[in-house]
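Some notes on the structure that comes next.
Numbering (my numbering), first residue to last: 194 to 341.
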């Protein structure tokens, strides 16, 4: 077993590329190099050239990562604007609902007052009607009583 060979005490000797043969570890802990997205830098030439190529690959990866992070940041800013707009809309709707609630309670209060007033008028008219009925009974069916 040599360093970087992929052969370790936890690997079966039959396959060094298949992560499912690891004992004690599940597939979800497989390293990113085996995910298919990793492309190691192609190095050739002298040691200095190899180091230069690795450094160039590192810088290229750095710039790509920086561009990706700038794009993500831009998207997050746009989404922040959308969320703030949605928050403002929700706030306006809450204010409108609160105003509608107070308007409805005022309307209910006015309706109750009108109902009480109408009931009082109906009671007054009923009592006047009752008094007129008594007068009709006392006067023998005539509205005007003759007293002798």
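Glycine residues also receive a C-beta, built at the ideal position from the N, C-alpha and C atoms.
Just the Cα atoms here: how many angstroms apart are residue i and residue j?
{"i": "residue 287", "j": "residue 298", "result": "16 Å"}
{"i": "residue 237", "j": "residue 253", "result": "18 Å"}
{"i": "residue 244", "j": "residue 266", "result": "32 Å"}
{"i": "residue 259", "j": "residue 251", "result": "12 Å"}
{"i": "residue 241", "j": "residue 255", "result": "21 Å"}
{"i": "residue 263", "j": "residue 271", "result": "12 Å"}
{"i": "residue 281", "j": "residue 261", "result": "30 Å"}
{"i": "residue 275", "j": "residue 289", "result": "21 Å"}
Looking only at its own chain, which residues have a Cβ that is under 6 Å from the Cβ of residue i, when we skip the five neighbours before and after it?
{"i": "residue 332", "result": "338"}
{"i": "residue 329", "result": "none"}
Quick one: residues in its chain with C-beta nearer than 7 Å to the C-beta of residue i, no 5 flanking neighbours on either side, listed in chain order?
{"i": "residue 326", "result": "none"}
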